[in-house]
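S.K.: Mapping of the sequence shown onto the numbering used here: position 30 corresponds to residue 41, and the numbering continues sequentially without gaps.
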Amino acid sequence: MDVSKLDNEQIHKLQTVLAADSLANYELLWVLEGCLANAASQVYGLGDPVRPAGILVIHRQCLWLRVQEERWLEPLLEKLPREPIYRFYTTEEAMLDMLMRWFPQGEYSQSSLMVRNVSKSWRKRFDVRVERVDSGPDMAGYLFNIYADSSLIAAVSGQSHVAPYLELVSWKVYEQDSYYQLLEPVFGALTSHCLETEQPVVVRSGDANLLTVLESLGYKSFSPLYYYVAAAE
């Protein structure tokens with residue numbers, strides 16, 4: 012099969028196909044949206060551009076890779092930039108196994124993707140207050156301040172790259188001595204706020220304590236994210 016570089020129109024068509032199962036393809040949809048906003052990013056498809064048998068995305072010095080069969084991997088790898096170190100992302104364990112064979116002696120880490128879909132049965136309440144900050148028309152994303160009484164205890168930012176999900180991408184808890192105790196009320200109140208506006212929520216984290224809190228709030232793990240760093244040969 013031939014490998015072709017996809018133009019913006021083809022990327023849009025690929026997004027439409029992937030969006031039919033947005034959770035399974037969440038990470039790829041997220042990074043493709045970033046590629047459309049960054050002229051330096053490159054997307055390669057193996058075979059049919061709309062339903063490719065393999066995809067390689069080069070975005071912000073990171074490589075996102077998916078291929079159906081290992082025998083088709085080599086044509087995609089020929090498109091890699093000449094770098095001493097490669098930083099791969101994939102959501103598939105089989106893809107990680109391929110990378111470990113093709114680029115041995117690398118190191119990988121893993122984080123989890125958690126989703127909280129809208130539910131009419133949500134009844135939890137927390138003794139903190141969520142305030143959405145207006146970031147202005149020129150600012151992308153969302154910013155939430157969380158208060159206990161009149162004291163600001165946390166700030167959480169979010170972005171919406173894959174409709175209809177709001178992804179919470181960064182958070183800061185100001186009372187560090189109470190960090191773990193505040194995780195449940197902060198994320199619980201923010202989850203409640205989003206569910207009231209009928210917006211499902213996604214969180215990506217490798218923090219076991221936070222993942223436990225999210226599970227108690229009804230979040231479900233839907234896709235691991237593997238980050239593999241290896242030297243080029």
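Using N, Cα and C, we set each Cβ at its ideal position, and we do this for glycine too.
Here the structure is a predicted model, which is why all the values come from computation and not from measurement.
Beta carbon of L206, beta carbon of V141: below 7 Å?
M.R.: Here residue 206 refers to the residue found at position 195 of the sequence shown. Here residue 141 refers to the residue found at position 130 of the sequence shown. No, the Cβ-Cβ distance between L206 and V141 is not below 7 Å.
S.K.: Would DSSP call P235 helix, strand or coil?
M.R.: Position 224 of the sequence shown, counted from the start, is the residue given in the question as residue 235. P235 falls in the strand class under three-state DSSP.
S.K.: Would you mind working out which of D32, R71, W75 and I66 sits nearest A50, comparing C-alpha positions?
M.R.: Walking along the sequence shown from the start, residue 50 turns up at place 39. It is R71.
S.K.: Should V81 go down as buried or exposed, given a rule of 16 or more other Cβ atoms within 10 Å for buried?
M.R.: For this step, residue 81 is matched to residue 70 along the sequence shown. Reading off the sequence shown, one finds Glu at residue 81, where the question assumed Val. Flag for E81 reads exposed.
S.K.: What residue range is occupied by the uninterrupted beta strand (DSSP E) comprising Q72?
M.R.: In the sequence shown, the residue the question calls residue 72 occupies position 61. Per DSSP, Q72 belongs to no beta strand (DSSP E) and is neither H nor E.
S.K.: Taking the CB atoms as reference points, tell me whether M125 and S232 lie closer together than 7 Å.
M.R.: The residue given as residue 125 occupies position 114 in the sequence shown. The residue given as residue 232 occupies position 221 in the sequence shown. In contact: M125 and S232 (Cβ atoms closer than 7 Å).
S.K.: Using the three-state DSSP reduction, which class does T245 fall into: helix, strand or coil?
M.R.: Nothing about residue 245 can be read from this structure; the chain reaches only from 12 to 244.
S.K.: Quick check on W182: does DSSP put it in helix, strand or coil?
M.R.: On the sequence shown, position 171 is the one that residue 182 refers to. Note: W182 maps to strand in three-state DSSP.
S.K.: Determine the direct distance from the alpha carbon of D145 to that of G56, and round the result to whole angstroms.
M.R.: Against the sequence shown, residue 56 aligns to sequence position 45. Against the sequence shown, residue 145 aligns to sequence position 134. Those two C-alpha atoms are separated by around 39 Å.
S.K.: From the DSSP output, in three-state form, read off A30 for me.
M.R.: Working through the sequence shown from its first residue, we reach residue 30 at position 19. Reduced to three states, the DSSP call for A30 is helix.
S.K.: Please list the terminal residues of the continuous alpha helix (DSSP H) segment that includes A219.
M.R.: Along the sequence shown, one-based indexing puts residue 219 at 208. Note, A219: alpha helix (DSSP H), A219 to S227.
S.K.: Would you check if there are 3 or more beta carbon pairs closer than 8 Å linking the stretch 149 to 166 to the stretch 22 to 29?
M.R.: no
S.K.: Inspect the CB distances between the stretch 36 to 46 and the stretch 163 to 178 and report whether three or more fall short of 8 Å.
M.R.: In the pairwise beta carbon analysis, the stretch 36 to 46 is classified as touching the stretch 163 to 178: at least three pairs are separated by under 8 Å.
S.K.: Between F198 and the rest of its own chain, which residues show a CB-CB distance below 7 Å, the 5 nearest in sequence each way excluded?
M.R.: Residue mapping note: residue 198 aligns to position 187 of the sequence shown, counting from 1. Once the five neighbours on either side are set aside, the close Cβ partners of F198 are V224, L225 and L228.
S.K.: Tell me the rounded alpha-carbon separation between L47 and I22.
M.R.: Start at 1 with the first residue of the sequence shown, and residue 47 comes out as number 36. Start at 1 with the first residue of the sequence shown, and residue 22 comes out as number 11. One C-alpha to the other measures close to 8 Å.
S.K.: To the nearest angstrom, how far is it from the Cα of T102 to the Cα of D18?
M.R.: Against the sequence shown, residue 102 aligns to sequence position 91. Against the sequence shown, residue 18 aligns to sequence position 7. Going from the Cα of T102 to the Cα of D18 covers about 24 Å.
S.K.: Which class does L40 belong to by DSSP, given the choice of helix, strand or coil?
M.R.: Walking along the sequence shown from the start, residue 40 turns up at place 29. Reduced to three states, the DSSP call for L40 is helix.
S.K.: Closest to A64 by C-alpha separation, out of K183, W113, M12 and A243, would be which residue?
M.R.: If you number the sequence shown from 1, residue 64 lands on position 53. It is M12.
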